[in-house]
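Residue numbers (our numbering): 913 to 1907. Glycine included, every Cβ here is placed at the ideal spot set by N, Cα and C. Input: a single structure, listed below in C-alpha cells.
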C-alpha cells in the first residue's frame, strides 16, 4: 500500500504528522544554539577534582580517513566541519557499510527483501555507532559539543543510506527529469548539527515543482526504512514557494527553515531556498520575528512555572534552559545571518567574557541532556529527582563538604541558568538600543515614575548611568543604583548591570563596613516596601554575595529533597518577600497573628536581618542553625546593629526552627511543652519576632507548604506561650486546664441531665481533658452514650481549621488499639497527621485521628463506609494489616534516591507523665503502623502521636507509658526498644523498595 501522508495524516513510530505534498506541519526542532566546541568552566568545587581526571581527547585528529561522498554508492554523509568526540572510523566504517549494502542488495529484487536487508544492515551500524558514542561520552562526560556533532554525523550516515537505497534499488530511475531532482535538507536541531541520543530527526524533502509520483514513492520508502529503524522522524515535502508561504504564516516553520543544512541531492536547489528565504522573507520581517520569539519565550516560561530555580527543571523549555539560549541565537541569526554565537561579540552584543558564559552554559546543559537521554533511553528533558544523582555521577561530581554530589551538580546547573538570564537581559537591551525590540511599556512606568537623581538618566525607560567612570570611582554606587531603582520604580538598564557585574571586585572590606553602604543596604530592606525586587537582582548579579561574602555559598544551593521547592538563596528572598507582604497588609486574613504583631510594632531591622541570615549556614557538615548563628555574630555588627540587636539576630538564627519544631513535633496540649518553650523564648519580644520569622520561613519553602494545620498549631502555641509569659506558667497548670475543659463541656451540653453530665465528667482521666479541644469532648460524650461492649462507633467530621478530617473512635479497650487503627487507616489511604488515644476509667478507648488523603487534603466523608468496614474487619481479625499493607507500602520510583538517616531519641524531661519517643526517618505508607505495632508488642501504651512530614522525611513523636503507667527509665529497655524500632523500620524500608 502506498503511504500518502498529506491525505492520511498518518503518524508512525512516534514521528510527526506525515506531510508529503506541501503539508503544513514540521517536526519539532530539537537541540539548541551554536555548534563549535568548548569545555565547561562553570563547575562547582565538587567537580573540580573529577574534572582533572583523564578525558578522551576531542581535538581534531590528524587524519580522518573519510573518502568523499561521491566515491560511495549508498552512504554519503556530509563531511564533518568540526572534530567529533572520537574518530569517525570508530563510529562507523562507512566504506565497509557501503560495501555491505552494495554486496547484499546486488541480488535482491523484491521490495520487501530489499527493505528488510537495508534495515538490518543500518540497524547494526546504528547500534554499534551509538554504543561507541555512549562510551566516548562516559569517558569525556562534559564534551557535549563534539558528542552532538558525532551523533548528528551518525544520523547523516543512516539517512543518506536509506535515501539512496530507496532511489537506486526500490525505485530506480536512470533518467531523472528536472522536476524529480530534489534536495534533502536537515532542519531544526538536526539542521544545526545538534543531536542528543534520542532527538527527533527533522527532514525537508525539497522539490523544484509539485511532488511527482516517483519523488513521492522515494520519500515514502525512505521514511519506512527510517521508521523501521525506530527513529523519530519529523518531515515535510515542499517546493521553495511552499516554504516561503508557510514560513510567512507560521513562526515555528520559519525558525526551522532558518536552520537548514544540506544533506544530499540537488544542492543548487537547497542554496536557492536559502537565498530566497533571506531575501524575500527574513530581511523585511525582523521586528515581528523578534517579538514573536520573545512572546513564545514568555509563554513557555509561564507554562514551566516561571521560576529559574524549579528543583526538577525542564532543561530544554524551562527558564534558563536550552530554548532560552536558542532564542538568542535564532534572533541573532535572523537579523545578521550569524552561524555561530561567537559572532555576537563582533556585532557588539556580548563581550568576550559574556560569550564565554554563553558557551559554558550551553555546553553544560547539552551534556546534561545527553546523559539524561542515555539514562532513560528516550527524549527526556525534565531533570527529575530520580535521575539527578545518576547524571551527577556521570558528570563526575563528588560528595564533599557535607553535601551530596547531586547537590553540587544542581548548584552548577542553577548557576548556569542564572547566567543565561543575565545574557538574555544584555542581548535584549542591545536589541532595544538598535530599535529592533520594543522598549518596556511607557504608560505603566509613567504612573509611578519619580525624577531620577543627578548621576542617573532614563534610557529606553530604564535606569541608566550618566558617567560610568565617575560611577565606578565610588564603589558604594554599585549599591546606590539598586536603591534608586526601588525608589523610582524603574528597571535597571542591562548596560548598567553589566558595568556593575564587571566590577564586583571593588567590593572590599572597606566598602562592606562603610557606614553609607550599610545605610543604603538596610534602606533597601526597610524603606521601599518591596525589598525582594532589589535583592533578587543583586543576588543574580553577584552583588549580594560581594557585599555579604558569607551569602555566596548558598547561592543556587539546592537541597536534595522534595520538601524545599527553591534553592536556599531563593528561599531566603521568598521569606523576605512574605514579610514585606505582611507589612503591606496583604495577608491579614491568612496570617492574623503575624499581621497583628507587625501592626503593634517590632524591631523591623532585627527581623529583616535575621530572615536574611537564617539559612546562611546551610551546606556545611555542621548544624546550620549553630553555624548560622556564628556567622550572624560577625555579620550583624558589620551591618551596624547595636549589641542588643546583634544578640537578638544571633538568637533568632540559632533558634529559627524552634517554634516550628515544637508546634509540629510535640504535643502542645501538654502544659509542660508550652512551659519549656516559654523558658527558651524568655520574653514576649522574642516570641513575637520568632513567630513572624517562623511563619515567613514556612511560607517561603514553597507553594502548598503553609496550610491551616500549621497555622492552627502556631496560633495555639503562640497564644499559650504569650499567656505563660504574661500571666505566669501557673495559668497553664493541668488542674486549671482540666477544670476549664469540664466547665466548657457542661455549658455545651446544657440539655443533658445533671447525672449524665456528672458521669461524663468523672469517667475520664486528667490527660483526656488537657489534650483535646471542647468540640472533640462533645463528640466523644455523645458517642459514649449507651455504647455496647462489642460496638465500635466512628464519627468523621471535616476540621477546616486544620485542613484535615477528624476521625473519632470509641470502643471497648483492647491492647494495641492505636496500632490496629493506624493499620486500618493506612489500608484505606488515610494519612495520619495527629492522633490521641485515651482510656476511660470504665474501660472504654477514646481515639481521635486527624487524617488527610495522599494529596494533603482532608479525607473525604464519602469514604467513611469503607473505613468503617475496614476497621471492623481489622478488629475482627479478618484482615491482618501487616500482610495487607505489603502491596501498598511502596516508595515512589522518583523518590527512591532520597537519603533520610534514621534517628531515634527518648526524652523523659519534655513531659511530666509520659516518655517522649521521637522517630525521624524516611516516610512511607505503612511506617506508622510498623512503629506502633512494635511499641504495642513491647508492652508500650501510646497516649498520643504527633506526625510532622517534610517531603519524604517524617518525624513521628509518641507520648508513651509502660503497662504499669510509668515512664520508661531503664537504659537497657530503651536500648532494646530502639533496636526493635530500627529493625521494623529497616524491614519495612526493604519491603517498600522492592519492585
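| Asked | Found |
| --- | --- |
| Under the rule that 16 or more other beta-carbon atoms within 10 Å means buried, what is residue 1508, buried or exposed? | exposed |
| According to the neighbour-count rule (16 or more other Cβ atoms, all chains shown, within 10 Å of its Cβ), is residue 1900 buried or exposed? | buried |
| Would you mind reading off the limits of the beta strand (DSSP E) that contains residue 1710? | 1705 to 1711 |
| What is the DSSP secondary structure of residue 1278, reduced to helix, strand or coil? | helix |
| Take residue 1407 and list the residues in its own chain whose beta-carbon comes closer than 7 Å to its own, dropping the five residues that flank it on each side. | 1341 and 1376 |
| Within the same chain, show all residues whose beta-carbon is closer than 8 Å to that of residue 1188, passing over the 5 residues directly before and after it, in chain order. | 1152 and 1156 |
| Who are the near neighbours of residue 1522 in its chain, counting only those whose CB is closer than 8 Å to its CB and skipping five residues on each side? | 1544, 1560, 1561, 1564, 1565, 1568, 1601 and 1605 |
| Jot down the residue ranges of each uninterrupted alpha helix (DSSP H) in the segment 1659 to 1710, minimum 4 residues, whole runs only, in chain order. | 1666 to 1674, 1678 to 1683 and 1686 to 1696 |
| Going along the chain, which residues of its own chain have a beta-carbon closer than 7 Å to the beta-carbon of residue 1266, five neighbours each way excluded? | 1335 and 1338 |
| Should residue 1439 go down as buried or exposed, given a rule of 16 or more other Cβ atoms within 10 Å for buried? | exposed |
| Please look up how many angstroms separate the CB atoms of residue 1306 and residue 1050, rounded, as I've assumed it's under 8 Å. | 7 Å |
| List the residues that DSSP assigns as beta-bridge partners of residue 1315. | 1312 |
| Hey, is the segment 1286 to 1300 in contact with the segment 1808 to 1818, meaning 3+ C-beta pairs nearer than 8 Å? | yes |
| Would you say residue 1060 and residue 1037 are within 9 Å of each other, going by their C-beta atoms? | no |
| Suppose you measure from the CA of residue 1126 to the CA of residue 1133; what does that come to, to the nearest Å? | 11 Å |
| Looking at C-beta atoms only, is the number of pairs between the segment 1390 to 1406 and the segment 1445 to 1456 that lie closer than 8 Å three or more? | yes |
| So the beta strand (DSSP E) residue 1858 belongs to, where does it begin and stop? | 1852 to 1862 |
| In three-state DSSP terms, what is residue 1040? | helix |
| Kindly indicate which residue of 1714, 1485, 1321 and 984 has the alpha-carbon position closest to the one of residue 1463. | 1485 |
| Apart from the five residues just before and just after residue 1625, which ones in its own chain have a Cβ nearer than 8 Å to its Cβ? | 1575, 1576 and 1580 |
| Quick one: complete alpha helix (DSSP H) runs, 4+ long, within the segment 990 to 1070? | 1000 to 1003, 1006 to 1017 and 1023 to 1051 |
| Hey, how far is the Cα of residue 1867 from the Cα of residue 1860? | 5 Å |
| Considering only the alpha carbon of each residue, which of 1572, 1167 and 1144 lies closest to residue 1100? | 1167 |
| Using only alpha-carbon positions, find the residue among 1635, 1757 and 1707 that is nearest to residue 1593. | 1635 |
| From the DSSP secondary-structure annotation, give me the bridge partner or partners of residue 1476. | The partner list for residue 1476 (beta bridge, DSSP) is empty, contrary to what the question assumes. |
| Distance, Cα to Cα, residue 1451 vs residue 1457? | 7 Å |
| Which whole-angstrom value is the C-beta distance of residue 1413 and residue 1384, which I expect to be below 8 Å? | Not quite, the Cβ-Cβ distance comes to about 12 Å (not below 8 Å), so this is no contact. |
| Please go through the same chain and pick out, in chain order, the residues whose beta-carbon is closer than 7 Å to the beta-carbon of residue 1846, but skip the five residues on each side of it. | 1892, 1893 and 1896 |
| Scan the segment 1096 to 1163 and note each continuous beta strand (DSSP E) run of 3 residues or more that stays entirely inside, going in chain order. | 1113 to 1118 and 1145 to 1150 |
| According to DSSP, simplified to helix, strand and coil, what is residue 1566? | helix |
| Identify every residue that forms a DSSP beta bridge with residue 1750. | 1758 |
| Applying the 10 Å Cβ sphere with the 16-neighbour rule, what's the burial state of residue 1714? | buried |
| Going along the chain, which unbroken runs of the alpha helix (DSSP H) with 4 or more residues stay wholly within the segment 1549 to 1612? | 1555 to 1566, 1570 to 1577, 1583 to 1593 and 1596 to 1611 |
| Answer with buried or exposed for residue 991, where buried requires no fewer than 16 other C-beta atoms within 10 angstroms of its C-beta. | exposed |
| Measuring alpha carbon to alpha carbon, tell me which residue in 1065, 1147, 1044 and 1017 is nearest residue 1084. | 1017 |
| Could you give the C-beta distance for residue 1026 and residue 1081, rounded to a whole number, given that I count them as a contact under 8 Å? | 5 Å |
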